[in-house]
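Novice: Protein chains in written order, with the numbering used here: chain A, 493 to 773; chain B, -4 to 278. We put the beta carbon where it would ideally sit given N, CA and C, even for glycine. Everything numeric in this text was worked out from a predicted model, so none of it was measured.
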Amino acid sequence: MKKYIKTSIQGIFLAALAFLFSMNMEMQVNAKTLEDSQNGVEYNDYVEMGVGYAYNSSYGGGTTSYIYLDMDGDRVGNIKSSSSNLLVKKTRESCFNITTKDWETNQKTTKENYRSAYLSFFAKKAGEYKVTFDVIKEDGNVRCTKTITVKAVGSHTNISPIKSIKYAGKDLYSYYPYTTKTSGKLKVVLKKQYKLQSIEVGKINKSGKAEFKKLKNNKKISLAKKAIYTHGYNYGSGGSEYTYDELFPVTYIRITYVNKKTKEKDIWTTSIYTLNKKQSW
Amino acid sequence: MKQIKKIAAAFLALIIAFGYFNAFAIESQAASKTTTYVLDTKKGVCYPTKVRAGIRELSNSCSIYLVNEGDYVASVKSNSSNLLTKITGKAVYTGNEYTYVRLEGDKEQKCRSRSTITYHAKKKGTYTLTVTIKNAKKKTTCKKNIRVYAEEYATPVKTLKYAGKLYNSIGTNLFTKKSGKLQVVMNKGFKLQKIEVGKYAEKAYKEHNPEPVYVKVKNKTNISLAESTKYKANSYSSPGEYYSYESEVNYDYLYPVTYVKVTYKDMKLGIVRSIEYELYYKN
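Here's what the structure looks like:
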């Protein structure tokens, strides 16, 4: 059942991520979890986030890493960021006291001081940062030191690197809100302070995830003509199945570029939609 | 098993995230109608009688909830070529799993399936969608009409400004002024009813869940942002015969948060709703 609390908290995090992700693809929120069972630590060791934006206030007003500690009395401390451009802070700490009663023997067990914490990050600039924290035992000694990689991308800087982006000979935005022209040349010209590193085109696959493929500049692309995907869950006692068939299939265009002066690498993403009126069911 | 728990937890979390933390909550007011969703008890269909569409928006959608197992939304038709529509999603629940729809008076209806209808209006106007429901034997059980009011924008708040700076949901929500004028401008067809400013008290919980304390303010008047980042909450407590746990949660935010809750009346749909914004103070 202790596991359940843990999964609930993870769940909140996952749900929040899912919600943010569904709200805006360009938020680029992503996280990976690592489990160290020997030291009783489970945490998000990789976090991807946007620059300059505070959100998701339930966890402290920034993109977060969740840390769960398995050992009685352990706590998270000595949090350090590799750069002054990445702010980090322990924004939430929970302390649990758990009592369980064995239903056969009626014996009670009480476990105290289980802790979990959230670290919140706020990036002033795009880049890859390292954050370290210690797991401190009840007696004050350090049990172990862990590292989190935080990647901040510039989706929120509101500074576009684009000088012009043309699809089938016309400005990409002239096809807004959607287009019936499903293929054409894509030509990207960046502002002179930026160097183009890669262009990727993303379409939704059968499981509902965006799959990106690299593409050369000034080459023909074909937009997604349909977006049909499905996923399901089975809980044993019941289940659910979700099927989608979008009216406006999306194609993502992801541009990776480097600032020639600062050498900062950044990502800029945009979307273009087609129309699909055909009902697949 | 771990996977199932994680998924179950995610759903629970969604409920908590939406219901308790109020981060994106749309709240109801007792006196006025809050939803256009109705239940046809005889046919087992929950659907909205009226919806809105913004002519620039591609993601306007509503859901049809079906109470009976095997029933499905067979088709959706529009009365005009200026209103594009399609069934874009289906969720079917079996066994002990259900989907729930909230009806007037906070009533909840348990349903077996949910279909998403997406619609896009090319021009402003009032349109009608006709939804056909069939049963497991592919026999039409009923047809339902949904009125679509297409305007320039379907969103209620046109702009929210604090201390002369525009709030932008994906760009700017960090403000450097301790106090300043709060100004809310509504889009056409929405009437501002109330603005409330919420801040966390030191002990920020009510029945175990963190909850800000709200104060009503007038539009275009000065407000001050919360300056404290620290508060305590008692977010979980589950006493049971075989298992119980208690917890204390200490928060220390990166930036202090101030909630701005805007309550408005949607003049076309005849419903009252609230939308909440989070303003962070960066000193």
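With 7 Å as the threshold, decide whether the Cβ of S729 (chain A) is near any Cβ in chain B.
Specialist: Within the first sequence, residue 729 (chain A) is the residue found at index 237, counting from 1. Yes, contact with chain B.
Novice: Just verifying my parser: in three-state terms, what is the DSSP assignment at Y248 (chain B)?
Specialist: In the second sequence, counting from the first residue as 1, residue 248 (chain B) sits at position 253. Note: Y248 (chain B) maps to coil in three-state DSSP.
Novice: Which chain B residues are close to F704 (chain A), counting only those with a beta carbon under 8 Å from its beta carbon?
Specialist: Working through the first sequence from its first residue, we reach residue 704 (chain A) at position 212. Within chain B, no residue comes near F704 (chain A); the closest Cβ sits about 21 Å away, beyond 8 Å.
Novice: If we require 3 or more residues per run, which beta strand (DSSP E) segments fall completely within the region 105 to 161 of chain B?
Specialist: Listed in chain order, the beta strand (DSSP E) runs fully inside the region 105 to 161 of chain B are 108 to 116, 120 to 129, 135 to 146, 152 to 157, counting runs of at least 3 residues.
Novice: At the 7 Å Cβ level, is A228 (chain B) part of the contact set with chain A, yes or no?
Specialist: Here residue 228 (chain B) corresponds to residue number 233 of the second sequence, with the count starting at 1. For A228 (chain B), the nearest beta carbon of chain A is not closer than 7 Å to its own beta carbon.
Novice: So, using beta-carbon positions, are Y686 (chain A) and Y744 (chain A) closer together than 7 Å?
Specialist: The residue you call residue 686 (chain A) lines up with position 194 of the first sequence. The residue you call residue 744 (chain A) lines up with position 252 of the first sequence. No; because the gap between Cβ atoms is not below 7 Å, this pair is not in contact.
Novice: When the cut-off is 7 Å and only beta carbons count, does Y272 (chain B) lie next to chain A?
Specialist: The residue you call residue 272 (chain B) lines up with position 277 of the second sequence. False, the Cβ-Cβ gap to chain A never drops below 7 Å.
Novice: Flag this pair as yes or no: are the beta carbons of K45 (chain B) and L264 (chain B) separated by less than 7 Å?
Specialist: Within the second sequence, numbered from 1, the residue matching residue 45 (chain B) stands at position 50. Within the second sequence, numbered from 1, the residue matching residue 264 (chain B) stands at position 269. Going by C-beta atoms, K45 (chain B) is nearer than 7 Å to L264 (chain B).
Novice: Is the CB of N589 (chain A) under 7 Å away from at least one CB in chain B?
Specialist: Here residue 589 (chain A) is taken as the residue at index 97 of the first sequence, counted from 1. Yes, N589 (chain A) counts as interfacial toward chain B.
Novice: Applying a beta-carbon distance threshold of less than 7 Å, which residues of chain B neighbour S576 (chain A)?
Specialist: Position 84 of the first sequence, counting from 1, holds the residue named residue 576 (chain A). Under the 7 Å cutoff, chain B gives no residues; its nearest Cβ is about 15 Å from S576 (chain A).
Novice: Using a Cβ-Cβ distance cut-off of 7 Å, determine whether W760 (chain A) contacts chain C.
Specialist: No chain C appears in the structure shown, which is made up of the protein chains A and B.
Novice: Can we say the region 271 to 278 of chain B touches the region 167 to 182 of chain B, given the rule of at least three CB pairs closer than 8 Å?
Specialist: yes
Novice: Alpha carbon to alpha carbon, how far is K603 (chain A) from D594 (chain A)? Give it in angstroms, no decimals.
Specialist: By one-based count along the first sequence, residue 594 (chain A) stands at place 102. By one-based count along the first sequence, residue 603 (chain A) stands at place 111. Those two C-alpha atoms are separated by around 14 Å.
Novice: Might you give, ordered along the chain, the residues of its own chain that have their beta carbon closer than 7 Å to the beta carbon of T136 (chain B), omitting 5 neighbours on each side?
Specialist: In the second sequence, counting from the first residue as 1, residue 136 (chain B) sits at position 141. Cβ within range, chain order: K38, D66, I128, K129, N130.
Novice: For E99 (chain B), which of helix, strand or coil comes out of DSSP?
Specialist: If you number the second sequence from 1, residue 99 (chain B) lands on position 104. Here E99 (chain B) sits in helix by DSSP.
Novice: Cα separation between S608 (chain A) and E243 (chain B)?
Specialist: Residue mapping note: residue 608 (chain A) aligns to position 116 of the first sequence, counting from 1. Residue mapping note: residue 243 (chain B) aligns to position 248 of the second sequence, counting from 1. Each residue's alpha carbon lies about 11 Å from the other.
Novice: Could you check where the beta strand (DSSP E) with I540 (chain A) kicks off and where it finishes?
Specialist: Here residue 540 (chain A) is taken as the residue at index 48 of the first sequence, counted from 1. Inspection of the sequence shows that residue 540 (chain A) is occupied by Glu rather than by Ile. Counting along the chain, the beta strand (DSSP E) containing E540 (chain A) begins and ends at 533 to 542.
Novice: Looking at the structure shown, is L707 (chain A) part of a helix, part of a strand, or coil, going by DSSP?
Specialist: Counting from one through the first sequence, the residue named residue 707 (chain A) turns up at place 215. Looking at L707 (chain A) - three-state DSSP - the assignment turns out to be strand.
Novice: Listing by chain order, which chain A residues have their CB less than 9 Å from the CB of N147 (chain B)?
Specialist: As a first step, residue 147 (chain B) is located in the second sequence; it is residue number 152 there, counting from the start. Before going further, note that residue 147 (chain B) is Glu rather than Asn in the sequence given. Correct list: empty, because the minimum Cβ distance to chain A is about 13 Å.
Novice: Kindly indicate if chain A contains any beta-carbon less than 7 Å away from that of Y259 (chain B).
Specialist: As a working mapping, residue 259 (chain B) is identified with position 264 in the second sequence. Cβ-Cβ to chain A under 7 Å: no for Y259 (chain B).
Novice: Three or more C-beta pairs under 8 Å: does that hold for the region 662 to 676 of chain A against the region 565 to 576 of chain A?
Specialist: no
Novice: In the structure shown, what three-state DSSP assignment does G503 (chain A) receive?
Specialist: For the purposes of this step, residue 503 (chain A) is taken as the residue at position 11 of the first sequence. At G503 (chain A), the pLDDT of 38 sits below 50, so the modelled position is not reliable and the matter cannot be decided from this model.
Novice: Exposed or buried, which one is H723 (chain A) when buried takes at least 16 other CB atoms within 10 Å?
Specialist: Locating residue 723 (chain A) in the first sequence gives position 231, where the first residue counts as 1. Label assigned to H723 (chain A): exposed.
Novice: Using the Cβ count rule (16 or more neighbours within 10 Å means buried), how would you classify E527 (chain A)?
Specialist: Residue 527 (chain A) sits at position 35 when you count from the first residue of the first sequence. Exposed is the call here.
Novice: Per DSSP, what kind of secondary structure is L579 (chain A) in: helix, strand or coil?
Specialist: As a first step, residue 579 (chain A) must be located in the first sequence, where it is residue number 87. If DSSP states are grouped into helix, strand and coil, L579 (chain A) belongs with the strands.
Novice: Using the three-state DSSP reduction, which class does Y667 (chain A) fall into: helix, strand or coil?
Specialist: The residue labelled residue 667 (chain A) in the question sits at position 175 within the first sequence. Three-state result, Y667 (chain A): helix.
Novice: Which value, in whole angstroms, describes the spacing of the CA atoms of K119 (chain B) and K770 (chain A)?
Specialist: By one-based count along the second sequence, residue 119 (chain B) stands at place 124. By one-based count along the first sequence, residue 770 (chain A) stands at place 278. Distance between the alpha carbons of K119 (chain B) and K770 (chain A) is about 24 Å.
Novice: Can you tell me whether M181 (chain B) is helix, strand or coil according to DSSP?
Specialist: Taking the first residue of the second sequence as 1, we reach residue 181 (chain B) at position 186. Correct three-state label for M181 (chain B): strand.
Novice: Where does P205 (chain B) fall in DSSP's three states?
Specialist: The residue given as residue 205 (chain B) occupies position 210 in the second sequence. Strand at P205 (chain B).
Novice: Just to confirm my understanding: we take F513 (chain A), look at its own chain, exclude 5 residues before and 5 after, and list those with CB closer than 6 Å. What are they?
Specialist: If you number the first sequence from 1, residue 513 (chain A) lands on position 21. Confidence is the limiting factor: at F513 (chain A) the pLDDT is only 35, short of 50, which leaves the residue's position unreliable and the question unanswerable from this model.
Novice: Taking Cβ-Cβ distances shorter than 9 Å, what residues in chain A pair up with E197 (chain B)?
Specialist: The residue given as residue 197 (chain B) occupies position 202 in the second sequence. In chain A, no part has a C-beta under 9 Å from the C-beta of E197 (chain B); the shortest such distance is about 15 Å.
Novice: Return no unless some Cβ of chain A is closer than 7 Å to the Cβ of T113 (chain B).
Specialist: By 1-based counting over the second sequence, the position of residue 113 (chain B) is 118. Yes, T113 (chain B) lies at the interface with chain A (some Cβ there is under 7 Å from its Cβ).
Novice: Anything in chain A within Cβ reach of R51 (chain B), meaning under 7 Å, just list it in chain order.
Specialist: Sequence index remark: in the second sequence, residue 51 (chain B) carries index 56 (1-based). Here the neighbours are P669.
Novice: Counting along the chain, where does the beta strand (DSSP E) carrying Q689 (chain A) start and finish?
Specialist: Here residue 689 (chain A) is taken as the residue at index 197 of the first sequence, counted from 1. From DSSP, the beta strand (DSSP E) with Q689 (chain A) extends over 686 to 696.
Novice: So, is the C-beta of E22 (chain B) closer than 7 Å to a C-beta in chain A?
Specialist: Position 27 of the second sequence, counting from 1, holds the residue named residue 22 (chain B). Summary for E22 (chain B): the model assigns pLDDT 40, below 50, so the residue's position carries little reliability, and this model does not support an answer.
Novice: What do you get for K256 (chain B), buried or exposed, if any count of 16 or more other CB atoms within 10 angstroms of its CB means buried?
Specialist: Within the second sequence, the letter at position 261 stands for residue 256 (chain B). That one is buried.
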